[in-house]
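Counted the way the working numbering counts, the sequence shown spans residues 168 to 497. One structure is given here, and the rest of the page talks about it.
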Amino acid sequence: MTQKIANENISPSQGSGLNEKILDKLKKIQARFDEISRELEKPENYQNHKFLEKLNKEKVQLQKPNELFAQYTKLLKQISDTRDLINNESDKEIKQLAQEELKDFLKEKSFIISELNNTLVERDPNDSKDIFLEIRAGTGGDEAAIFVGDLNKMYTRYSEKQSWDIEIINSTESDHGGFKEIMLKIAGDDVYGNLKFESGVHRVQRVPETETQGRVHTSAATVAVLPVIEKIDEVEINPSDLRIDTYRASGAGGQHVNKTDSAVRITHLPTGTVAECQDGRSQHKNKAQAMEMLYSKLLIEKQDKQKQETADERKSLIGSGDRSGENPNL
Numbered sequence: 168m169t170q171k172i173a174n175e176n177i178s179p180s181q182g183s184g185l186n187e188k189i190l191d192k193l194k195k196i197q198a199r200f201d202e203i204s205r206e207l208e209k210p211e212n213y214q215n216h217k218f219l220e221k222l223n224k225e226k227v228q229l230q231k232p233n234e235l236f237a238q239y240t241k242l243l244k245q246i247s248d249t250r251d252l253i254n255n256e257s258d259k260e261i262k263q264l265a266q267e268e269l270k271d272f273l274k275e276k277s278f279i280i281s282e283l284n285n286t287l288v289e290r291d292p293n294d295s296k297d298i299f300l301e302i303r304a305g306t307g308g309d310e311a312a313i314f315v316g317d318l319n320k321m322y323t324r325y326s327e328k329q330s331w332d333i334e335i336i337n338s339t340e341s342d343h344g345g346f347k348e349i350m351l352k353i354a355g356d357d358v359y360g361n362l363k364f365e366s367g368v369h370r371v372q373r374v375p376e377t378e379t380q381g382r383v384h385t386s387a388a389t390v391a392v393l394p395v396i397e398k399i400d401e402v403e404i405n406p407s408d409l410r411i412d413t414y415r416a417s418g419a420g421g422q423h424v425n426k427t428d429s430a431v432r433i434t435h436l437p438t439g440t441v442a443e444c445q446d447g448r449s450q451h452k453n454k455a456q457a458m459e460m461l462y463s464k465l466l467i468e469k470q471d472k473q474k475q476e477t478a479d480e481r482k483s484l485i486g487s488g489d490r491s492g493e494n495p496n497l
């Protein structure tokens, strides 16, 4: 008696290996991807650059799950056809080849399911945003400033390789090369998602060029990665809480590089958060950039506080796992 291989329904809703919620989400992604593609082709949208940029960013985010879902749907059809062949073919060699092919299809199906599940894990809402990248010299004196310059070159070249746009927002050069601090604005696809884990202290151990006795020095620099806010209503700022100072932009050694007070420093008094910009040619542009940077810093502080509150609440609900907290009478 020949045992027939159960076939899968081509409809993803039955026996597909993906649950209904994921399938529903994938169908919505597919529909939205197609909708965006149609919008990008409409001539009336060609002049609306901000709208097109927003659509392109969203399309990039949806592209991978959309492609995986298309592969998955095609694979289900191949699995169904192969099972039909196995069940109806009388030639033993052809049937055996089909059975081997079915094994490969099923392995590929498991892989795509895993990829889809990983892709659909909730993304950080900031991942698609542009960033402010701040690099400051730490311990190490002049060598730390040179290290900041090296980090700046590294991030700049990486950004160029990714076809991202780079703009210097603020910088203070060191007398012996490099920077005491530098702030970059980097714009492109998934910039924050790619660089957010660069935040923190970076260290280097090497023999500086100025070292005459060949001793190894340790230098440090801090890196902060802040997402650029698209909607300023994500953070509320009362104008009366701001102190705005203007001053002359300075170059290496502290000398003034222009004769007007074009540099701007904005301080958020309730939190003490400071944002400044001096590399723009006009005070108006520097103020706008500093304000944008301040919103980003305050947003990160707000989100970090919310994450901590959520973590504390979860910990209070599930307990610490310490048995001493249990009621011995229960």
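Just so it is clear, CB atoms sit at the ideal spot from N, CA and C, and this is done for glycine as well.
Buried versus exposed, by CB contacts within 10 Å (16 or more), residue i
i, result
"ASP258", "exposed"
"VAL358", "buried"
"GLY439", "exposed"
"SER491", "At SER491, the pLDDT of 44 sits below 50, so the modelled position is not reliable; the number obtained from the coordinates is stated separately. Exposed, by the Cβ-count rule."
"ILE396", "buried"
"ASN212", "exposed"
"LYS464", "buried"
"GLN422", "A caution first: GLN422 carries a pLDDT of 49, below 50, which makes its placement in the model too unreliable to give a value."
"ARG410", "exposed"
"ASN453", "buried"
"LYS296", "buried"
"TYR414", "exposed"
"GLN263", "exposed"
"PHE346", "buried"
"LYS352", "buried"
"ASN405", "exposed"
"GLU334", "exposed"
"ARG250", "buried"
"SER281", "exposed"
"ILE261", "exposed"
"PRO394", "buried"
"ASN215", "exposed"
"PHE364", "exposed"
"VAL227", "exposed"
"VAL315", "buried"
"ARG223", "Reading off the sequence shown, one finds Asn at residue 223, where the question assumed Arg. Exposed, since its Cβ has fewer than 16 Cβ neighbours within 10 Å."
Cβ separation of residue i and residue j, assumed to be a contact under 8 Å, to the nearest whole Å
i, j, result
"LEU193", "PHE236", "5 Å"
"TYR239", "ILE279", "5 Å"
"GLU348", "ILE302", "7 Å"
"ILE196", "GLU225", "The pair is not a contact, with the Cβ atoms about 11 Å apart (cut-off 8 Å)."
"GLY381", "VAL374", "6 Å"
"SER429", "ALA416", "6 Å"
"ALA311", "SER386", "4 Å"
"ILE336", "GLN450", "About 14 Å separates the two Cβ atoms, so there is no contact after all."
"GLY229", "ARG199", "Residue 229 is actually Leu in this sequence, not Gly. Rounded, the Cβ-Cβ distance is 6 Å, consistent with contact."
"LEU466", "VAL392", "So it is not a contact: roughly 13 Å between Cβ atoms."
"SER164", "ASP446", "No answer is possible for residue 164: it lies beyond the span of the chain, which begins at 168 and ends at 497."
"LEU283", "PRO232", "7 Å"
"LYS469", "VAL402", "6 Å"
Which of helix, strand or coil DSSP assigns to residue i
i, result
"ASP249", "Just to set this straight, residue 249 is Thr in the shown sequence, not Asp. Three-state DSSP puts THR249 in a helix."
"PRO437", "coil"
"VAL288", "coil"
"TYR213", "coil"
"ALA430", "strand"
"PRO375", "coil"
"LEU185", "coil"
"SER449", "coil"
"SER386", "strand"
"ILE411", "strand"
"ILE396", "coil"
"GLU256", "coil"
"ILE404", "coil"
"GLU301", "strand"
"GLU208", "coil"
"ALA416", "coil"
"LYS226", "helix"
beta-carbon residue i near the ligand PLP non-hydrogen atom, thresh 7 Å
i, result
"MET460", "Looking at this structure, you won't find the ligand PLP or any other ligand, since it has none at all."
- Is the region 256 to 276 touching the region 302 to 312 in the sense that three or more CB pairs, one from each, lie closer than 8 Å? no
- Message: Does the contact criterion of 3 or more C-beta pairs under 8 Å hold for the region 429 to 445 versus the region 324 to 332?
- Response: no
- alpha helix (DSSP H) segments (min. 4 residues) lying fully within the region 315 to 375: 358 to 362
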